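The structure under discussion appears below in the form of C-alpha cells.
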Amino acid sequence: MHRLGLTAVVPCYDEADSVAQTHAEIVAALGDYDLELLFVDDGSADDTLAEIRRLAATDPRVQYLSFSRNFGFEAAFSAGYKYARKPWLVHLDADLQFPPAEVHHLVERALEGYDAVFGVRRARHDPWHRRWGAAGYHWLGRRLRIRIPAGATTFRVLRTELARRVVELRLGTPYFLATVPLLTSRIATVPVEHRPRTRGTSKFRLGRLIGHALELYVAFSRRAVHWVAILLLLAALATAGLAVAAFAGWLGVAAALGGGLLAQCFALGGGAVLLRYTVLVADAQPRPAMFYIREASIRVDPADELFPGAGTALLIPAQREDAA
6 MHRLGLTAVV PCYDEADSVA QTHAEIVAAL GDYDLELLFV DDGSADDTLA
56 EIRRLAATDP RVQYLSFSRN FGFEAAFSAG YKYARKPWLV HLDADLQFPP
106 AEVHHLVERA LEGYDAVFGV RRARHDPWHR RWGAAGYHWL GRRLRIRIPA
156 GATTFRVLRT ELARRVVELR LGTPYFLATV PLLTSRIATV PVEHRPRTRG
206 TSKFRLGRLI GHALELYVAF SRRAVHWVAI LLLLAALATA GLAVAAFAGW
256 LGVAAALGGG LLAQCFALGG GAVLLRYTVL VADAQPRPAM FYIREASIRV
306 DPADELFPGA GTALLIPAQR EDAA
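Numbering (our numbering), first residue to last: 6 to 329.
Here it is as C-alpha cells:
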C-alpha cells in the first residue's frame, strides 16, 4: 500500500449530480494513499453542498470548504491548495475528464525529484473551439516568452507547500501555470488520458476563456506592451504621412481616408491592450480577499471567514465521534 500523504482538491460549482460519483471514483483509484478529499463548493446554487455534507458525514477522509458566493475557478482551487493538509496534492475537477487512475503516473514522476508534475492530454476530447483556442493561446504565450510547461493542464500533482506559496503571493492575476515556473525549475509533464465530458457542462464560456488568455499575456509578459507601443507609433506615423500626402495632392482623398481608417484600426486595437494593462494595475490595489468562506468542516483562517468568530468551521458527526 502506498501511504504517500495526498490531498485531492476538487473545486465544485453546481455539481450536485456529480459529487457522489466523483467521490466514489477517486476513492476507488486513490484509496491506497493516505488520502484526504477536499471539496471546495464555489457558492453553488443547487444541492452541491448538501451532497458534500452527506459524504463528509460518512467518510472521514472527506473535508469541505463552502464559499459565501461564487468567486470563480481560481478562488476555488486556491482555497483548496491553502487548506490541503497532506504533503502532496492533486487537482481533480468534479467532471473527472482526467481519470483519477492517471494520478499514479504523476505521483511516480513527482517522486523522482520534481516539485510539480502536470498532465498533458494525449488526445483532447473537447469541442474544436476549445482545442484550437488552447493551441493558439499557448503559441502566443511562447512568443511572449511566458514560461508555461508545454501542454500543461489543471490536472497536476505538486508539493502542497509549493501550492500554498503561490496562493500566498496574492497576485492580482493568479495564473497558476505561469507562476509555478517563477518559483521552481523542478517541473515535469506526463502524457495522460482525457475523457469526453459525460455529465455537467463546462463553466468556462468562450468570453471567459478569451479574458483568461488576456490576463495571462498582460500579467506575465512585458513584450506585448512593447509590441503595442511600436504598433501605435507606426499607426501615428502612417496617419501623419497620409495626411501630408492628401494635403499635398499626392494621394486621393478616398485612398488617404481608407489608409487613415486602417491605421486607426491598429491604434484602437493597441489601445485596447493598453487599457487591459491599466486594469491590471487597478487589480493590484487593495481589494477584498480572493474568497470568503461561509462554512467548512476544518478550521480556517479568520481572515478567510465571511463572519470571523461565528463558527464557520463545523465539526461533522464523524469527527465528533473521533474527538470523543
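The beta-carbon is built from N, C-alpha and C at its ideal position, and this holds for glycine as well. All values derive from a computational prediction rather than experimental measurement.
In whole angstroms, what is the alpha-carbon distance linking residue i and residue j?
i           : j           : result
residue 18  : residue 257 : 59 Å
residue 127 : residue 189 : 25 Å
residue 1   : residue 63  : The structure shown does not extend to residue 1, since the chain is modelled only from 6 through 329, so no value can be given for it.
residue 314 : residue 90  : 22 Å
residue 332 : residue 242 : No answer is possible for residue 332: it lies beyond the span of the chain, which begins at 6 and ends at 329.
residue 113 : residue 11  : 13 Å
residue 176 : residue 295 : 10 Å
residue 302 : residue 293 : 23 Å
residue 51  : residue 198 : 30 Å
residue 194 : residue 310 : 36 Å
residue 326 : residue 183 : For residue 326, the predicted structure reports a pLDDT of 39, less than 50, and the residue's modelled location is therefore unreliable. A value from the coordinates is still provided. So the alpha carbons of these two residues sit roughly 43 Å apart.
residue 86  : residue 234 : 38 Å
residue 171 : residue 196 : 24 Å
residue 324 : residue 79  : With a pLDDT of 43 at residue 324, under the threshold of 50, the modelled position of that residue is not reliable, and the figure given next carries that caveat. Straight-line Cα distance between these residues: approximately 29 Å.
residue 16  : residue 263 : 51 Å
residue 38  : residue 163 : 15 Å
residue 21  : residue 158 : 24 Å
residue 30  : residue 304 : 27 Å
residue 116 : residue 92  : 12 Å
residue 328 : residue 299 : Because residue 328 sits at a pLDDT of 36, beneath the cut-off of 50, its placement in the model cannot be relied upon, and the following sentence gives the value as read from the coordinates. Using only the alpha carbons, I get a separation of about 23 Å.
residue 246 : residue 255 : 11 Å
residue 110 : residue 200 : 16 Å
residue 173 : residue 55  : 30 Å
residue 25  : residue 57  : 8 Å
residue 123 : residue 97  : 12 Å
Mapping the DSSP letters down to three states, classify residue i as helix, strand or coil.
i           : result
residue 26  : helix
residue 257 : coil
residue 76  : coil
residue 51  : coil
residue 46  : strand
residue 39  : strand
residue 107 : helix
residue 32  : helix
residue 94  : strand
residue 310 : strand
residue 263 : helix
residue 84  : helix
residue 239 : helix
residue 113 : helix
residue 56  : helix
residue 246 : helix
residue 89  : coil
residue 304 : coil
residue 21  : coil
residue 61  : helix
The alpha helix (DSSP H) with residue i in it runs from where to where?
i          : result
residue 69 : First-last for residue 69: 67 to 72, but that is the beta strand (DSSP E), not the alpha helix (DSSP H).
Considering just the uninterrupted stretch of the beta strand (DSSP E) at residue i, what are its terminal residues?
i           : result
residue 121 : 121 to 126
residue 298 : 298 to 301
residue 4   : Outside the modelled stretch of the chain, which goes from 6 to 329, sits residue 4, for which no answer is possible.
residue 101 : Residue 101 -> no beta strand (DSSP E), and no H or E assigned at all.
Just confirm the distance between the C-beta atoms of residue i and residue j, as a whole number of angstroms; I'd bet it's less than 8 Å.
i           : j           : result
residue 48  : residue 76  : 7 Å
residue 121 : residue 161 : 6 Å
residue 152 : residue 186 : 4 Å
residue 108 : residue 95  : 5 Å
residue 74  : residue 41  : Incorrect: roughly 25 Å between the Cβ atoms, too far for contact.
residue 46  : residue 23  : Incorrect: roughly 12 Å between the Cβ atoms, too far for contact.
residue 53  : residue 101 : In fact, because the Cβ distance is near 15 Å, the residues do not count as touching under 8 Å.
residue 60  : residue 88  : 17 Å between Cβ atoms; not a contact.
residue 260 : residue 240 : Not confirmed; about 17 Å, so no contact.
Determine, for residue i, whether the minimum Cβ-Cβ distance to residues of chain C falls below 8 Å.
i           : result
residue 170 : In the structure shown, chain C does not exist; there is a single protein chain.
TODO: With a floor of 4 residues, list each alpha helix (DSSP H) that falls wholly inside the segment 140 to 201, ordered by position along the chain.
DONE: 165 to 173, 181 to 188
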